[in-house]
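Chemist: Following this message is one structure expressed as structure tokens.
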Amino acid sequence: MIQRSLPAVFMRGGTSKAIMFHARDLPAERAAWDAIFTAAMGTPDPYGRQLDGMGGGVSSLSKVCVLAPSSREEADIDYTFAQVLIKEARVDYKGNCGNMSSAVGPFAVDEGLLSASGDTALVRIYNTNTRKIIYSTFPLEEGRSRYDGDLVIPGVSGAGAPIRLDFIEPGGATTGRLLPSGGVVDRLDVPGFGSIEASLVDAANATVFVRARDVGLSGTELPDQLEARPDILKLLNDIRLAGSVRMGIAPDIATAGSISSVPYVGFISPHADGPTLAGDVIPANAIDLAARVISNGQPHRALPLTASLCTAVAARITGTVVAEALSPAAGAGPVRLGMPSGVLTVGADVVCENGAWIARSGSFYRTARRLFDGRVWIPGSAFPRS
Numbered sequence: 190m191i192q193r194s195l196p197a198v199f200m201r202g203g204t205s206k207a208i209m210f211h212a213r214d215l216p217a218e219r220a221a222w223d224a225i226f227t228a229a230m231g232t233p234d235p236y237g238r239q240l241d242g243m244g245g246g247v248s249s250l251s252k253v254c255v256l257a258p259s260s261r262e263e264a265d266i267d268y269t270f271a272q273v274l275i276k277e278a279r280v281d282y283k284g285n286c287g288n289m290s291s292a293v294g295p296f297a298v299d300e301g302l303l304s305a306s307g308d309t310a311l312v313r314i315y316n317t318n319t320r321k322i323i324y325s326t327f328p329l330e331e332g333r334s335r336y337d338g339d340l341v342i343p344g345v346s347g348a349g350a351p352i353r354l355d356f357i358e359p360g361g362a363t364t365g366r367l368l369p370s371g372g373v374v375d376r377l378d379v380p381g382f383g384s385i386e387a388s389l390v391d392a393a394n395a396t397v398f399v400r401a402r403d404v405g406l407s408g409t410e411l412p413d414q415l416e417a418r419p420d421i422l423k424l425l426n427d428i429r430l431a432g433s434v435r436m437g438i439a440p441d442i443a444t445a446g447s448i449s450s451v452p453y454v455g456f457i458s459p460h461a462d463g464p465t466l467a468g469d470v471i472p473a474n475a476i477d478l479a480a481r482v483i484s485n486g487q488p489h490r491a492l493p494l495t496a497s498l499c500t501a502v503a504a505r506i507t508g509t510v511v512a513e514a515l516s517p518a519a520g521a522g523p524v525r526l527g528m529p530s531g532v533l534t535v536g537a538d539v540v541c542e543n544g545a546w547i548a549r550s551g552s553f554y555r556t557a558r559r560l561f562d563g564r565v566w567i568p569g570s571a572f573p574r575s
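The sequence shown runs 190 to 575 under the numbering used here.
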């Protein structure tokens, strides 16, 4: 089998990792990307490990980012995110990845897609998936991105330089509306289960929120506990599909099942002592609420950043199932989310004007690191015939 190679960079962004491509190195025809991306990641793999590619067998390690200079006045970089499925030969472009968004600015500077000087860079990113602007602010050293620093984020060992991400007007990223159904709480009819209350919110990525107790959970479960409950994972996915149709993302359940990346589905519970994957215990007074999210059918080991932003926005919308779970001691500042890897603090600027809820911005800090660069080898059959 003849192989071909493409220039690529492999980076960690937050709690995810991805292959980073320049758009100039890929076929101009977007339809040709899927075969290249799945082959590079080692998909499809019925064993779920992606051993014959760059993927890591979980959704947070099976990602691709494509970067190019932007022609938009309000942006410096165009960024397209691709979620590569693991067991299916399929790529989903419906949503964005907040974690990998943190790697985009440093990549752009280090690859010379824009020039930067001084101690700090501000890169304006246009995410093509959601058609939203993200500001990435991070330290520089001698004109290049600085990766060493003191910031520790849950789910990543060690420390790194802080990267601030500001999602500008994140509402309606998937559907065009912050509250796609028009209400703060909906009642979904789930086959085999019945009716359940849910809040359908679309900020950074659309998410379906339910109360943990309404699906028979405490809200402090770790991923392995959820993976041992296929009945719960099926129920949550059925809720996700019903929410997708209600949000207008898909016209029917069958179509909703073919869209893996959005909406996310998460379950929320009030603050309580909870375990972490590191074996520690998060005290109840360290968080404002607890959240767990299913990403591409898998319990996320931290929280997807876009879903975290959506959770914080939902917490500031009176009447949602997220807002009702807020600790009485929660202030008006950033929301502290308890999750399997620790505590994630997310800022959300949300207001109600003339009876309509508006998300002005959402922000958080991440770290990133360039891991290697070179060429990724891909079976020649994945490329279009010239």
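Ideal Cβ positions, reconstructed from N, Cα and C, are used throughout, including at glycine.
1. What residue range is occupied by the uninterrupted beta strand (DSSP E) comprising Phe296?
2. Expressed to the nearest angstrom, what Euclidean distance is found between the alpha-carbon atoms of Arg564 and Met209?
3. So, is Cys499 buried or exposed, given that buried needs 16 or more other C-beta atoms within 10 angstroms?
4. Examine the Cβ distances between the region 450-465 and the region 222-231 and report whether three or more of them are shorter than 8 Å.
5. Would you mind sorting Pro235 into buried or exposed? The rule is 16 or more other CB atoms within 10 Å of its CB.
6. Give the DSSP-derived three-state secondary structure of Asp265 in the structure shown.
7. Excluding the 5 residues preceding and the 5 following Ile448 in the sequence, name in chain order all residues of the same chain whose CB lies nearer than 8 Å to its CB.
8. Determine the direct distance from the alpha carbon of Arg574 to that of Ile342, and round the result to whole angstroms.
9. Could you pull out every residue in the same chain whose Cβ sits closer than 7 Å to the Cβ of Ala571, ignoring the five residues on either side in sequence?
10. Okay, do the region 381-400 and the region 413-433 touch, 3+ Cβ pairs below 8 Å being the bar?
11. Got a sec: does the ligand ZN put a non-hydrogen atom nearer than 7 Å to the Cβ of Arg353?
12. At what residues does the alpha helix (DSSP H) containing Gln192 begin and finish?
13. Would you say Val379 and Ile421 are within 8 Å of each other, going by their C-beta atoms?
14. Please name the residue in Ala271, Asp469, Ala392 and Glu218 whose C-alpha comes closest to that of Lys321.
15. For Arg525, list the residues DSSP reports as bridge partners.
16. Applying the criterion that 16 or more other CB atoms from any shown protein chain within 10 Å of the CB defines a buried residue, is Glu410 buried or exposed?
17. Are the beta-carbon atoms of Ala257 and Arg313 separated by less than 8 Å?
18. Around the C-beta of Phe270, are 16 or more other C-beta atoms found within 10 angstroms, so that it is buried, or is it exposed?
19. Taking 8 Å as the cut-off, decide whether the C-beta atoms of Leu424 and Phe356 are in contact.
20. Once the 5 residues before and after Lys206 are set aside, which same chain residues still bring their CB inside 6 Å of it?
21. Quick one: give me the first and last residue of the beta strand (DSSP E) that Ser552 is part of.
22. Taking 8 Å as the threshold, find out whether the region 535-543 comes into contact with the region 331-342 through three or more Cβ pairs.
23. With a threshold of 7 Å on Cβ separation, who are the neighbours of Gly446 within its own chain once the five nearest residues in sequence on each side are excluded?
Modeler: Short version:
1. Not the beta strand (DSSP E): Phe296 falls in the alpha helix (DSSP H), residues Gly287 to Asp299.
2. When the Cα atoms are used, Arg564 and Met209 turn out to be separated by approximately 11 Å.
3. By the neighbour-count rule (16 or more Cβ atoms within 10 Å), Cys499 is buried.
4. Between the region 450-465 and the region 222-231 there are fewer than three C-beta pairs closer than 8 Å, too few to call the two in contact.
5. So Pro235 ends up on the exposed side.
6. Looking at Asp265 - three-state DSSP - the assignment turns out to be coil, as it is neither helix nor strand.
7. Contacts found: Asp281, Lys283, Ser433, Ile438 and Ala439.
8. Ile342 and Arg574: Cα-Cα distance of roughly 44 Å.
9. For Ala571, where only same-chain residues beyond five positions count, the Cβ hits under 7 Å are Ala224, Ile225 and Ala228.
10. Judged by Cβ distances under 8 Å, the region 381-400 makes contact with the region 413-433, as three or more pairs qualify.
11. Only the bare structure without any ligand can be found here, which leaves the ligand ZN out of the picture.
12. From DSSP, Gln192 is part of no alpha helix (DSSP H) but of the beta strand (DSSP E) over Gln192 to Gly202.
13. Between Val379 and Ile421, the CB-CB gap reaches or exceeds 8 Å.
14. Selected option, being the one with the closest Cα: Ala392.
15. According to DSSP, Arg525 bridges with Thr534.
16. With 16 or more neighbouring CB atoms inside 10 Å of its own CB, Glu410 falls in the buried class.
17. Taking a C-beta distance under 8 Å as the contact criterion, Ala257 and Arg313 do not qualify as a contact pair.
18. Buried: at least 16 other Cβ atoms inside 10 Å.
19. The answer is no: Cβ separation not under 8 Å.
20. Taken in chain order, the residues that qualify are Leu250.
21. Ala545 to Arg555 is the span of the beta strand (DSSP E), which, as asked, contains Ser552.
22. By the criterion of at least three beta-carbon pairs nearer than 8 Å, the region 535-543 is not in contact with the region 331-342.
23. Non-local beta-carbon contacts of Gly446 in its own chain, meaning distances under 7 Å to residues more than five positions away in sequence, involve Leu430 in chain order.
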